[in-house]
Structures are given as C-alpha cells and as structure tokens.
Amino acid sequence: MAKKIILVAAARPNFMKIAPLWRELSARGAEFDPVIVHTGQHYDYNMSEVFFADLGLPPPHVHLGVGSGTHAEQTAGVIVAFESICLKLEPACVVVVGDVNASMAAAVTAKKLGLAVAHVEAGLRSGDRTMPEELNRILTDSIADVLLTPSPDADENLRREGVEQRRIVLVGNIMIDSLVHALARVRDRAAHRRFDCAPREYGLVTLHRPANVDDPEHLRALLAGLQGLAYPLIFPVHPRTRKVMGQCGLDGLTASNGPLHLCEPLGYDDFLNLTLHARFVITDSGGIQEETTYLGIPCLTMRPNTERPITITAGTNELVDLAAMPARVRVILEGGWKRGTVPALWDGRTAERIAAVLTDRYA
Ligand code: UD1
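Under my numbering, the first residue of the sequence shown is numbered 73, with each subsequent residue one higher.
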C-alpha cells in the first residue's frame with residue numbers, strides 16, 4: 073500500500089513549490105499517497121486560495137488554520153497543531169519547502185516525533201541573521217534528513233557547515249517546474265491591459281520585506297523613489313506593505329500615483345504573465361529573483377544581500393539600494409543590461425528528481 077507523505081504548504085511562496093511535487097507524486101501513485109497540509113500562515117484569497125486554483129492543486133487535505141501573529145505565536149501554533157496531524161497520519165516523510173516560519177516549525181515538529189524530514193530549497197544562505205528567513209533556513213537544514221538543493225552554491229554552504237554529503241542532493245529549482253508548466257497557459261493573459269500599460273513598456277514592483285516596508289518613513293522614501301523613475305510601474309501591494317501604507321496616510325490600493333499603478337496582490341497566473349512581459353522587475357522577493365533569471369528579465373533586488381547569489385553571477389539580477397536605482401533602470405532602458413544564463417537543473421524536471429530521491433529513501 074502507498075505510504076503517506078506530507079507536503080507542508082504555509083505561505084504564498086510555498087504553493088508553487090508544492091504543486092509540481094504533488095503532481096509528480098500523485099502520478100507515480102504506487103509509492104506514496106501525498107497529503108497537503110496547509111498551516112494557514114497565509115489565508116487571504118489572493119495570498120493562498122487563488123494559487124491552489126491557478127496551480128491546479130486540490131484544496132488542502134488538512135488545514136491547521138494557524139494564521140498570522142508574532143513569530144512565536146506562528147511557530148508555536150504550527151508545532152502544536154501539526155504534531156497531532158503527524159501522530160494521526162504516521163507519514164513516511166514530511167516535506168517542507170523554502171524558509172517561511174511554518175516550514176521551519178513543521179520540520180521541528182516532525183523531527184521531534186522521529187519522522188523523516190526532507191527540505192526542498194535547502195542550503196541557501198544570505199549570511200544575514202537579522203532576516204527571520206535566514207534563521208528558518210539554518211534551523212531547518214540542521215535537522216532535516218535530506219537536503220534537496222537548487223544550485224551548487226547551496227551544496228557548498230552546507231558542506232561548509234559540516235553537513236555529511238549523503239544528506240545533500242542537488243536536484244535543481246522546483247519553482248522553475250511550476251513556471252515551465254504554466255508558460256503556455258499564462259503567456260496570452262494580457263494582465264497589463266488592466267493598467268493601461270503596453271508589453272515591455274512597464275516595470276513590475278513587489279516590496280514586502282520588513283527591512284523595506286515596516287518603517288513608514290523608509291517606505292515613503294521608497295515609493296517616492298519609484299515615482300521619481302517617471303516610468304510606468306505595476307505594483308501589486310502585499311498585505312504587510314498595505315498595512316504600513318495605511319499607517320502613513322497612503323492608500324495602498326486606490327491611489328493613482330502618476331505612473332505608479334498600485335493593486336491588490338495577484339494570483340500566480342496574472343503575476344507570471346506580468347513578469348513575462350515586463351521591461352524590468354524591482355523586488356525584494358526571493359523567488360522573483362529566480363523567475364526573472366529563468367526568463368531573462370532584468371531584476372533589481374532592493375536588498376543588501378541575497379541567499380540566491382547564482383541569480384547575480386549567472387542570471388539577470390543585481391542588488392541595488394534606493395540611491396542606485398534610477399541609474400540602473402536607465403541602463404536597462406538603454407539596452408545595456410547583462411544577458412544572463414539559466415543555471416543547470418533549472419529545467420522543469422526537479423520534481424521528478426525529488427520524487428526519485430524520496431522513493432529511494434522512504435517508499
Ligand atoms: C512571509 C514570509 C516571507 C515571505 C512572505 C511572502 C516569514 C518569516 N516570512 O512574510 O519569507 O517572503 O511570507 O508573502 O515566514 N497578512 C494578511 N493576509 C494574509 C497573510 C498575511 O493580511 O493572507 C498580513 C497580516 O497582517 C500579517 C502580515 O501580513 O501579520 C505578515 O504576514 P506573515 O505571514 O507574518 O509575513 P509575510 O510578511 O507575509
């Protein structure tokens with residue numbers, strides 16, 4: 073009989089990493105019975121449900137409903153709720169993806185019960201321990217049994233930390249599986265029309281990191297800097313960012329700010345369509361640095377560091393601050409941006425490689 077395997081989904085950047093695995097494990101059928109457990113870290117329709125619909129995922133089999141809160145509340149809530157699910161389902165393995173709070177909490181819970189844990193997107197390091205995600209990455213990698221990495225720099229990080237080679241498997245980038253699978257479906261959605269923008273004649277913006285958006289004055293300066301570019305920009309506003317905009321008297325959604333078009337967070341298909349046809353992207357997201365590298369779209373990352381350095385050394389990404397942004401955008405508009413290449417194993421077949429590893433070790 074097929075053994076249960078839990079796929080933990082928690083927050084927006086998890087869903088496109090779970091979907092290809094769900095598809096692959098379900099198609100193989102005989103070895104595993106995959107169960108999707110949603111912790112509830114993200115719960116708004118456009119932060120969660122729309123992704124299940126766009127990505128063709130079934131509704132979560134189990135919903136823990138933990139929701140937002142302080143880091144301690146989120147982490148503790150998942151640990152308590154997930155423990156009883158693990159005891160009930162007795163999975164052969166728990167798969168966690170990425171670096172959000174709930175992924176780390178689920179990994180800790182499973183490991184304390186003696187269950188096998190696989191971490192997808194293991195080994196990434198920014199070196200910046202002020203970011204909660206960096207702590208989540210270090211904690212998850214230190215206890216997971218199998219560390220499934222997206223690129224050789226991740227393997228090197230793990231080896232440097234003393235991880236035994238048999239725990240590390242370079243499998244490639246799972247998020248690119250979702251992207252490859254969606255390309256034909258989303259290419260012609262023309263999501264830009266809603267903003268009166270033409271293909272290749274707008275920039276796409278996302279900002280939600282605490283370091284960029286939690287301080288109202290800093291956020292105000294960022295928004296002024298974006299407006300100062302005097303170039304059409306589409307900016308789907310994350311709930312964290314919208315909250316702070318409200319605190320500093322800015323309307324996060326309806327303000328018509330010249331070339332800056334603000335809107336609610338978008339689903340996977342609309343956002344990928346906008347990325348595909350953007351002239352450039354300005355972001356502080358992790359995954360978008362990778363998607364733009366795959367698509368060859370210039371990416372300006374508004375952060376002092378990245379856990380995804382391959383997007384800079386091989387891809388189209390560059391770290392910038394507010395002062396440098398206008399000059400770097402000019403370089404893009406004048407056609408002087410680097411071309412970039414796609415890293416090895418970012419090929420749409422990572423889920424197959426992961427399924428093979430999991431079958432080999434846990435089926
Ligand atoms: C989390 C992740 C971050 C990831 C991001 C993607 C951690 C530490 N951070 O950050 O790595 O890049 O998700 O979105 O895990 N909120 C809503 N509706 C929702 C979800 C959140 O309104 O569906 C609001 C709540 O006010 C909440 C705030 O957003 O308090 C922040 O949500 P949270 O999940 O704590 O962190 P993110 O900033 O989303």
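We put the CB at the ideal spot given by N, CA and C, even for glycine.
- Query: In angstroms, rounded to a whole number, what distance separates the CA positions of R463 and M317?
  - Reply: With the chain covering only 73 through 435, there is no way to say anything about residue 463.
Check: How big is the Cα-Cα spacing for V152 and I354?
Finding: 38 Å
Our contact map puts M119 next to S250 with C-beta atoms below 8 Å; I'd like the distance itself, whole angstroms only.
Incorrect: roughly 17 Å between the Cβ atoms, too far for contact.
- Query: Who pairs with N389 in a beta bridge, going by DSSP?
  - Reply: C371
What does a CB cutoff of less than 7 Å around P288 pick up in its chain, not counting 5 residues either side in sequence? V316, Q319, C320
Quick check: what's the CA-CA separation for R232 versus A386?
22 Å
* Specify, as a first and last residue, the run of the alpha helix (DSSP H) that H253 falls within. => 246-258
| Quick one, which of S198, D200, P224, A182 has its alpha-carbon nearest D217's? | A182
Segment contact flag, the segment 270-280 with the segment 190-201, C-beta cutoff 8 Å, min 3 pairs: no
Just tell me which of T383, A283, G330, T278 has its CA closest to the CA of L301.
-> G330
Classify T431 as helix, strand or coil using the three-state DSSP reduction. helix
Q | the segment 415-422 in contact with the segment 396-404 per 3-pair CB rule at 8 Å | A | no
Margin query: Taking 8 Å as the cut-off, is the C-beta of M88 nearer than that to any heavy atom in the ligand UD1?
Written below: no
Quick one: using the 10 Å Cβ neighbour count with 16 as the cut-off for buried, is P132 buried or exposed?
-> buried
Going by CA-CA distance only, name the one from G101, A125, V252 that's closest to R442. Beyond the ends of the chain as shown, which are 73 and 435, falls residue 442; an answer cannot be given.
>> Short of 7 Å in beta carbon distance, which residues of its chain neighbour R257, apart from the five on each side in sequence? Order them along the chain.
In response: D341
| message | For F267, report the span of its beta strand (DSSP E) as first-last. | response | That residue, F267, is in no beta strand (DSSP E); it is neither H nor E in DSSP.
Please state whether the Cβ-Cβ distance between L430 and I77 is less than 9 Å. yes
### Query
With DSSP run on the structure shown, which of helix, strand or coil describes L230?
helix
TODO: Please go through the segment 140-178 and give each complete beta strand (DSSP E) segment of 3 or more residues, from N-terminal end onward.
DONE: 165-169
* Bridge-paired residues (DSSP) for F307 -> L334
| query | Around the Cβ of M176, are there at least 16 other Cβ atoms within 10 angstroms (buried) or fewer (exposed)? | reply | buried
inquiry  = Counting C-beta neighbours from all protein chains within 10 Å, is the total for S98 16 or more, i.e. buried, or is it exposed?
reply    = exposed
Check your understanding: Under three-state DSSP, which class holds G275?
Key -> strand
message: Taking the alpha carbon of R266 as the reference point, which residue from P308, L207, P282, A74 has its own alpha carbon closest?
response: P308
I'd like to confirm something about H280: is its beta-carbon nearer than 8 Å to some heavy atom of the ligand UD1, or not? yes
Give the single residue among N86, E96, L187 whose Cα lies nearest to the Cα of A174.
N86
Exercise for the section: Would you mind working out which of A435, P311, G297 sits nearest L305, comparing C-alpha positions? Expected result: G297
Check your understanding: Does the distance from the CB of H310 to the CB of H280 come in under 9 Å?
Key -> yes
message = Under DSSP, the alpha helix (DSSP H) around L242 begins and ends at which residues?
response = First-last for L242: 240-242, but that is the beta strand (DSSP E), not the alpha helix (DSSP H).
- prompt: Does DSSP put H135 in a helix, in a strand, or in coil?
  reply: strand
Exercise. How about K410 and T378: are their beta carbons less than 9 Å apart?
Worked result: no
How big is the Cα-Cα spacing for A179 and R259?
36 Å
Margin query: If I follow the unbroken alpha helix (DSSP H) through L394, where does it start and stop?
Written below: Taken as a continuous stretch (DSSP letters only), L394 belongs to no alpha helix (DSSP H), as it is neither H nor E.
Practice task
Could you tell me which of R95, N208, Y115 sits nearest to L127, measuring between CA atoms?
Solution key: R95
| said: Less than 9 Å between the beta carbons of P282 and R312, yes or no? | reply: yes
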